[in-house]
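So our numbering is basically just the index in the sequence shown, starting at one, shifted up by 622. Notes to accompany the following structure.
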Amino acid sequence: MSTTLCLRPKTGVVVLACVFSVPAFSAQPTPIQQFDALVIKGVSPSAATQIMTHPKQPRQPLPASDGSDYLSTIPGFNAIRNGGANSDPVLRGMFGSRLAILTNGTYMPGACPSRMDSPTSYISPQNFDELVVVKGPQTVLWGPGASAGIVRFDRNAPQFTENTVIFDGALTAGSWGRNDQSADVTVGNSLYYARITANHARANDYKDGDGNKVPSKWKKWNSDVALGLTPNETSLVELSAGVGDGHARYAGRGMDGTKFRRESVALRYEQEKLSDRWQSLRVQLYHNYADHVMDNFTLRDFNPAGGMAMPMVSNVDRATWGGRVAGQWQLGTAVTLDAGVDYQNSRHRVRRSMGAMPYKDEPRVKDAHFTNTGVFAEMQWAMSAQQRWIGGVRVDRATVQDYRTNTGMGNMLKPNPTHNKKRHETLPSGFFRYEQDLEHTTLYAGVGHVQRMPDYWELISPNMGPAGSVNAFEAIQPEKTTQLDIGLNYQ
């Protein structure tokens, strides 16, 4: 028997059709049997190392429980699962602060010492218009230490010429009590707009193949509002604010997450076409706050044999302030420069209680403070319509202060030898990439280098450092990553 396989590639879609025929010695011609087409949809790169997609578009699993759940549908991503929600995204085997997660250009690192609330835990993808992923250290524009890549969830400012109302909503129901509602309403005209996005989602515990209930239920909600002024076609001023909360039950952890409170405020100003060479100016200020509570009795029956002798509560919070000023200049007909400065200031606190003592009566104690100031510049030179050179440099000044008076827990407490000590690091980063367009194909090759300051989970969370060291805060050094990216994109 002979087999013919027909391939017809498209952007992001491949259609496969199989046609079978019998040998020629058959007495009567056998009718050709053609099977239904199998359509496979995926996300195609929008640039050499960049993927752009729209989170509001339907995709399995639909809808995603959080940002990590959605990212897992993009090639190259995986997740460290926590249960039904709040997974930790992994890109090319790298996770944590190596993967920069931004929402509308702002950072919101989680607070849990065990990363129960990763940054994507506070993100509902369907509340955003655009998702941009840059794989590898191939840009310097969006913050420090992103050796794995950049992930940006963005809401776009509307552009109206007359009185307009836009509504987008969705209702979803599924097995194991899955129930989602979302709404996105925008009203405005040529001078102003107001936008409200909100969602509520929940799921119950599921049962395994033997009918046993697996602790995995979760619930989340988010609500955001944005007020914008657009006095002309080239100017924008926007004030936005949002809140959210939820809980999650875990089978593989000693505690459940009973609170995932998010509070966000941001102000941004954008101006286009300032002159023939000065193409744009963008200024942004923001404040993000995460308040996370874990305990071993609210969402489960307390069990002394579960590794904890009594009911326990841990409440951690993290407040992050930041800002960014960036501009774009057209230095010639073929040369574009993006440059600017950004800043982050992040404070972490903790409080705990045991037994019947209410945790809210305990004072919050600061254990760490992080700051980072970065200066960056990225240039693109179009040698021709088919050839491009892109490169960038960045320098960050990072500072961390250890406020812990003791380390360890329970009866294992001991004085902290690095109490009140500071660490300062100057961290350079950069990349260089060549791109060549062919018919339906783009070839690229790039090399990037990143030096990353150790984060909270590397410096503060561990109770011990490497062998022979005082502790992790003193011993863990900045991470240096050099990566070569070579690829081909077919469109």
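Ideal Cβ placement from N, Cα and C applies to all residues, glycine included. Note that the structure is predicted; figures quoted are calculated from it, not measured.
Pick helix, strand or coil for T652, following the three-state DSSP scheme.
Reduced to three states, the DSSP call for T652 is coil.
So is E1000 buried or exposed if we call it buried at 16+ other beta carbons inside 10 Å?
Buried is the call here.
Have a look at W798, M1031 and E892 and flag the residue whose alpha-carbon is nearest the alpha-carbon of S857.
It is E892 whose Cα lies nearest to the Cα of S857.
Since Y1078 is in the alpha helix (DSSP H), which residue starts that stretch and which ends it?
Here the alpha helix (DSSP H) through Y1078 covers Y1078 to L1081.
Using 8 Å for Cβ pairs, my map puts A792 next to G706. What's the rounded Cβ distance?
The Cβ separation is near 19 Å, so there is no contact.
Between the beta-carbon of V619 and the beta-carbon of S1051, is there less than 7 Å?
The first residue shown for the chain is 623 and the last is 1113, placing residue 619 beyond what the model contains.
With DSSP run on the structure shown, which of helix, strand or coil describes L851?
Reduced to three states, the DSSP call for L851 is strand.
Less than 7 Å separating the beta-carbons of T783 and S746?
No; because the gap between Cβ atoms is not below 7 Å, this pair is not in contact.
Run the CB neighbour count on S1115, radius 10 Å, all protein chains shown included, and call it buried at 16 or more, exposed below.
Nothing about residue 1115 can be reported from this structure: the residues present for the chain run from 623 to 1113 only.
With contact counted as at least three CB pairs below 8 Å, one residue from each stretch, are the stretch 822-841 and the stretch 722-735 in contact?
No: the two stretches stay apart, fewer than three of their Cβ pairs being nearer than 8 Å.
Pull up the distance between the alpha-carbon of Y815 and that of Y908, whole angstroms please.
Their Cα atoms are separated by approximately 20 Å.
Taking Cβ to Cβ, would you say R904 is nearer than 7 Å to A873?
No.
Near Q1023, which residues of its chain fall below 6 Å by C-beta distance, leaving aside the five closest residues on each side in sequence?
Correct list, in chain order: H991 and K1044.
Across which residues does DSSP place D867 in a beta bridge pair?
Answer by DSSP bridge pairing, in chain order: W843.
Excluding sequence positions up to five away, which residues of its chain have a Cβ less than 6 Å from the Cβ of F789?
Cβ within range, chain order: V807.
Rounded to a whole number of angstroms, what is the C-alpha to C-alpha distance between T1021 and N854?
Taking the straight line joining both Cα atoms gives about 41 Å.
State the start and end residues of the unbroken alpha helix (DSSP H) segment that holds Y692.
Its alpha helix (DSSP H) spans residues G689 to L693.
Do you know how far the Cα of L684 is from the Cα of R1019?
Cα to Cα, R1019 sits roughly 41 Å from L684.
Quick check on DSSP: helix, strand or coil for S897?
Three-state result, S897: coil.
With respect to the beta strand (DSSP E) encompassing F782, which residues constitute its N-terminal and C-terminal limits?
Neither: F782 is in no beta strand (DSSP E) and is coded neither H nor E.
For the pair the stretch 1050-1066 and the stretch 652-659, tell me if three or more CB-CB distances fall below 8 Å.
Short answer: they don't touch.
Could you spell out where the alpha helix (DSSP H) holding F924 opens and where it closes?
Element bounds for F924: n/a, residue is neither H nor E.
Can you name, in chain order, every residue of its own chain whose Cβ lies under 8 Å from the Cβ of R703, other than the five neighbours on each side?
Correct list, in chain order: S709.
State the DSSP-derived secondary structure class of K1102, mapped to helix, strand or coil.
In the structure shown, K1102 sits in a strand (DSSP, three-state: E or B).
Within its chain, find whatever has a CB closer than 6 Å to the CB of H822; leave out the 5 residues flanking it on each side and keep chain order.
For H822, where only same-chain residues beyond five positions count, the Cβ hits under 6 Å are Q803 and W843.
How close, in whole Å, do the beta carbons of K841 and H869 come, if the pair is a contact with beta carbons under 8 Å?
Indeed, because the Cβ distance is near 6 Å, the residues count as touching under 8 Å.
Measure the alpha-carbon distance for P1048 versus D1077 and round it to whole angstroms.
The displayed chain sequence assigns Thr, not Pro, to residue 1048. Going from the Cα of T1048 to the Cα of D1077 covers about 15 Å.
Whole angstroms is fine: what's the gap from P645's alpha carbon to L1110's?
Residue placement at P645 is flagged as unreliable, the pLDDT there being 46, under the threshold of 50; a coordinate-derived value is accordingly withheld.
According to DSSP, simplified to helix, strand and coil, what is E1047?
Looking at E1047 - three-state DSSP - the assignment turns out to be strand.
For M738, does the three-state DSSP call read helix, strand or coil?
DSSP places M738 in coil when its eight states are reduced to three.
Quick one: what's got a C-beta closer than 7 Å to S648's C-beta in the same chain, skipping five residues either side?
Confidence in S648 is poor, its pLDDT being 49 and thus under 50, which makes the residue's placement unreliable; the coordinate value appears in the next sentence. Excluding residues within five positions, none has a Cβ falling inside 7 Å.
With H, G and I counted as helix, E and B as strand and the rest as coil, what does DSSP make of Q682?
In the structure shown, Q682 sits in coil (DSSP, three-state: anything other than H, G, I, E or B).
D878 and L921 look like a contact to me (Cβ under 8 Å); what is the Cβ gap, rounded to whole Å?
About 4 Å separates the two Cβ atoms, so the contact holds.
Can you give me the start and stop residues for the beta strand (DSSP E) that A1004 sits inside?
Its beta strand (DSSP E) spans residues V987 to A1004.
If I follow the unbroken alpha helix (DSSP H) through F1095, where does it start and stop?
Run containing F1095: A1094 to A1097, per the alpha helix (DSSP H) assignment.
What are the boundary residues of the beta strand (DSSP E) that includes I745?
Unbroken run through I745: none, as it is neither H nor E.
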